[in-house]
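Chemist: This structure is in structure tokens; I'll ask about it shortly.
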Amino acid sequence: MASNLDYLDPSLLPLEEKVNAYLEAEKSLRHATQTNSPSANGISEDPGQLRQQLAQLESEIIALLPTRDEWVKVNLGYGPSRVGAWQVPATGSEPARYELRVVH
Numbered sequence: 001m002a003s004n005l006d007y008l009d010p011s012l013l014p015l016e017e018k019v020n021a022y023l024e025a026e027k028s029l030r031h032a033t034q035t036n037s038p039s040a041n042g043i044s045e046d047p048g049q050l051r052q053q054l055a056q057l058e059s060e061i062i063a064l065l066p067t068r069d070e071w072v073k074v075n076l077g078y079g080p081s082r083v084g085a086w087q088v089p090a091t092g093s094e095p096a097r098y099e100l101r102v103v104h
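In full-length UniProt numbering, the protein residues as written are 1 to 104.
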């Protein structure tokens with residue numbers, strides 16, 4: 001039986017770090033598309049580059065997940081959060097793929 005404290009497992013640290021980086025990149029993309037002002041470090045960020053970074057992080061996170069089509073509890077610093085990859089069926093010319101979902 002799974003424990004409610006499984007999310008504290010040290011083997012999940014690489015996954016947690018990638019998810020945190022993904023959430024930061026998502027936040028930066030949201031900020032970059034809402035305003036054209038420079039970011040906190042004074043450099044204007046390119047939304048295209050941020051989308052590419054998000055796609056790369058998403059594929060890395062999916063590769064780190066121990067399972068598909070179910071939630072994995074992770075510690076993002078404020079209690080258990082959940083991350084998972086769910087299969088999106090093929091539609092027309094689009095092949096089937098996995099979609100990342102994060103609940104924090």
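Where a beta carbon is used, it is the ideal one built from N, C-alpha and C, also for glycine. No experiment lies behind these values; they were computed from the predicted model shown.
Give the secondary structure of Ala85 by DSSP, where H, G and I count as helix, E and B as strand, and everything else as coil.
Modeler: Counted from its first residue, the sequence shown places residue 85 at position 85. Strand at Ala85.
Chemist: From the DSSP output, in three-state form, read off Leu54 for me.
Modeler: Here residue 54 is taken as the residue at index 54 of the sequence shown, counted from 1. Note: Leu54 maps to helix in three-state DSSP.
Chemist: Here's the rule: buried if 16 or more other CB atoms are within 10 angstroms of the residue's CB, otherwise exposed. What is Lys27?
Modeler: For this step, residue 27 is matched to residue 27 along the sequence shown. Exposed, since its Cβ has fewer than 16 Cβ neighbours within 10 Å.
Chemist: For Met1, which residues of its own chain have a beta-carbon under 6 Å away from its beta-carbon, when the five flanking residues on both sides are left out?
Modeler: Numbered from its first residue, the sequence shown carries residue 1 at position 1. At Met1, the pLDDT of 42 sits below 50, so the modelled position is not reliable and the matter cannot be decided from this model.
Chemist: Of all the options Leu23, Asp69, Thr35 and Pro95, which has the alpha carbon lying nearest to the alpha carbon of Ala55?
Modeler: Your numbering for residue 55 matches position 55 in the sequence shown. Ranked by Cα distance from Ala55, the options Leu23, Asp69, Thr35 and Pro95 are led by Leu23.
Chemist: Do Val88 and Arg82 have their CB atoms nearer than 9 Å?
Modeler: Taking the sequence shown and counting its residues from 1, the one referred to as residue 88 is at position 88. Taking the sequence shown and counting its residues from 1, the one referred to as residue 82 is at position 82. No, the Cβ-Cβ distance between Val88 and Arg82 is not below 9 Å.
Chemist: Take Leu64 and list the residues in its own chain whose beta-carbon comes closer than 8 Å to its own, dropping the five residues that flank it on each side.
Modeler: By 1-based counting over the sequence shown, the position of residue 64 is 64. So the qualifying residues of the chain are Pro14, Leu15 and Lys18.
Chemist: On the criterion of 16 or more Cβ atoms from any shown chain inside 10 Å, does Val103 qualify as buried, or is it exposed?
Modeler: Position 103 of the sequence shown, counting from 1, holds the residue named residue 103. With fewer than 16 other Cβ atoms within 10 Å, it is exposed.
Chemist: Label Glu94 either buried or exposed according to how many other C-beta atoms from any shown protein chain fall within 10 Å of its C-beta, with 16 as the threshold for buried.
Modeler: Stepping through the sequence shown from its first residue, residue 94 is reached at position 94. Counting Cβ neighbours within 10 Å, Glu94 comes out exposed, since fewer than 16 surround it.
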